[in-house]
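Engineer:
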Amino acid sequence: MKIDSHHHVWDLSVREQDWMVGDALAPISRTFQMDEFEPHLEAHGIDHTILVQTVAVVDETPEFLDLAQSHPKVAGVVGWLDMESDDISAQLAAYREHPAGEFLVGIRDLAQYQSDPRWLMREPVVKNLQRLGAAGITYDILTLAHQLPAAVEAVRHAPETRFVVDHISKPRIADGEIDDWAASIRAIAEFENVTIKVSGMVTEANWHDWTTDTFRPYVDVVLDAFGPSRMMFGSDWPVCLLAGSYTDVTELAEALVSQLSADEQAEFFAGTAMRSYVMPQLTTSP
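Counting in this note's numbering, the sequence shown runs from -16 upward without gaps.
(1) Just tell me which of 91, 183, 141 has its CA closest to the CA of residue 176.
(2) According to the neighbour-count rule (16 or more other Cβ atoms, all chains shown, within 10 Å of its Cβ), is residue -12 buried or exposed?
(3) Quick check: the segment 168 to 188 against the segment 141 to 150, are there 3 or more CB pairs under 8 Å?
(4) Take the Cβ of residue 31 as the centre, count every other Cβ of all protein chains shown within 10 Å, and call the residue buried at 16 or more, exposed below.
(5) Between the segment 232 to 239 and the segment -7 to 2, do three or more beta carbon pairs fall short of 8 Å?
(6) Can you find the residues in the same chain that come closer than 6 Å, C-beta to C-beta, to residue 215, ignoring five residues on each side of it along the sequence?
(7) The alpha helix (DSSP H) with residue 89 in it runs from where to where?
(8) Give me, in chain order, the residues of the same chain whose beta-carbon lies closer than 7 Å to that of residue 105; leave out the 5 immediate sequence neighbours on both sides.
(9) By how many angstroms is the C-alpha of residue 262 removed from the C-alpha of residue 269?
(10) Give the secondary structure of residue 147 by DSSP, where H, G and I count as helix, E and B as strand, and everything else as coil.
(11) Once DSSP output is grouped into helix, strand and coil, what is the label at residue 181?
(12) Is the Cβ-Cβ distance between residue 63 and residue 34 less than 9 Å?
(13) With 16 as the cutoff for other CB atoms within 10 Å, does residue 259 come out buried or exposed?
(14) Between residue 202 and the rest of its own chain, which residues show a CB-CB distance below 7 Å, the 5 nearest in sequence each way excluded?
(15) What is the rounded straight-line gap between the Cα of residue -8 and the Cα of residue 221?
(16) Contact check, residue 102 vs residue 133 under 8 Å by CB: the rounded distance?
(17) Ends of the beta strand (DSSP E) at residue 59?
(18) Measuring CB to CB, does residue 36 end up less than 9 Å from residue 44?
(19) Kindly list the residues whose CB is nearer than 8 Å to the CB of residue 121, restricted to its own chain and excluding five residues on each side of it in sequence; keep chain order.
(20) Would you kindly report the start and end of the unbroken alpha helix (DSSP H) that includes residue 69?
(21) For residue -10, collect the residues of the same chain with a Cβ closer than 6 Å to its Cβ; drop the 5 residues on either side in sequence, then sort them by chain order.
(22) Secondary structure at residue 270, three-state DSSP: helix, strand or coil?
(23) Would you call residue 9 buried or exposed, if buried means 16 or more other Cβ atoms sit within 10 Å of its Cβ?
(24) Is residue -10 helix, strand or coil by DSSP?
(25) Put residue 265 into one of helix, strand or coil per three-state DSSP.
Take a look at the structure:
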C-alpha cells in the first residue's frame, strides 16, 4: 500500500485562496480537483491520500468530508479549526456529526502565517491542542523553521495529542538554512507522539534548479532524528507544481529513501500515515 499523506484541492469559483498572492504563484492560480489528480495517483501506485485544508474557513472542511465520501482514494481529511477560539469542542463535534464525519482525521491551523513566532504557545491554542488529544484527533503543525521551537514547547504541553510536522517545517533550502532548523527537528523528534511529513521541500528550494542531492542533507537530518517509522511521504500537490511535476516529487521521495530496507520504505510510504491518523476505512489502529 502507498499513501500520499498531503495534498490539496481548490475551486476558485467557490472560494478564493487568500494565500495565493503574487505573480510567482500564477501557475497554480486556477481550480484543481480530484479528477485531475487521480490519474497521477494511478500512474504511481498510490492507493490512498489525505486531503489537507487550505484556508481558514469553517465551510471548507464539510466540503472536503463530502469529497472524501465520494472519492475512494481519499482516506482522510485534515480540516481547519480556529485554534485561538475559547473552545474548539462545539465545532469539532459538528464536523464529526457530519454524514461523512468519520473521514476527519486531523486539524490544521495556519501557524506559518502568524507574526508571533510563539503563537503555538498561546494559552487558548495549547488548551485546544489538548482537547484534540482527548478527542483522538491529530494536529498538523504547519510552521516555518523559526517557529519550530514554539512547536516543541507546545508538544510538551500536550502529551496525549498526536502531532504531524508538515513539510519538514519548511527550512529555507534555497538559502542553505539548516543548522538551527536541524536542532529544532532533533528537539521535536524527542517526543514519540510526533511524526513528520517529507513533503513540500521542492518549493523551499530553487524552483528551477534542484536535484535529489539538494535535499539529502535535510532528509538525512530527519531520518536520523525520527527514523523511517515516524516519517511519511506527502506530495503537496498541486503546490508542488511550482517546482516540479507529481512524477518529479514522487521519484524524488523514492530516491531519498532508496537506501532503506523494503520494510522501512513500507513504513515511509504507508505505515507511518496509518498510525498517525485514525482512518476507519483502513484496517489499522493508531
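Virtual Cβ for every residue (Gly too), placed ideally from N, Cα, C.
Structural biologist: Short version:
(1) 141
(2) buried
(3) yes
(4) buried
(5) no
(6) -12, 180, 255, 256
(7) Taken as a continuous stretch (DSSP letters only), residue 89 belongs to no alpha helix (DSSP H), being part of the beta strand (DSSP E) at 87 to 92.
(8) 67
(9) With a pLDDT of only 41 at residue 269, under 50, the local geometry of the prediction cannot be trusted, and no value is derived from it.
(10) strand
(11) strand
(12) no
(13) buried
(14) 181, 239
(15) 7 Å
(16) 7 Å
(17) 57 to 62
(18) yes
(19) 61, 88, 89, 90, 115, 144, 145, 146, 147, 259, 260, 261
(20) Element bounds for residue 69: n/a, residue is neither H nor E.
(21) 32, 218, 220
(22) The chain is shown only over -16 to 269; residue 270 falls outside these bounds and no answer can be derived.
(23) exposed
(24) strand
(25) coil
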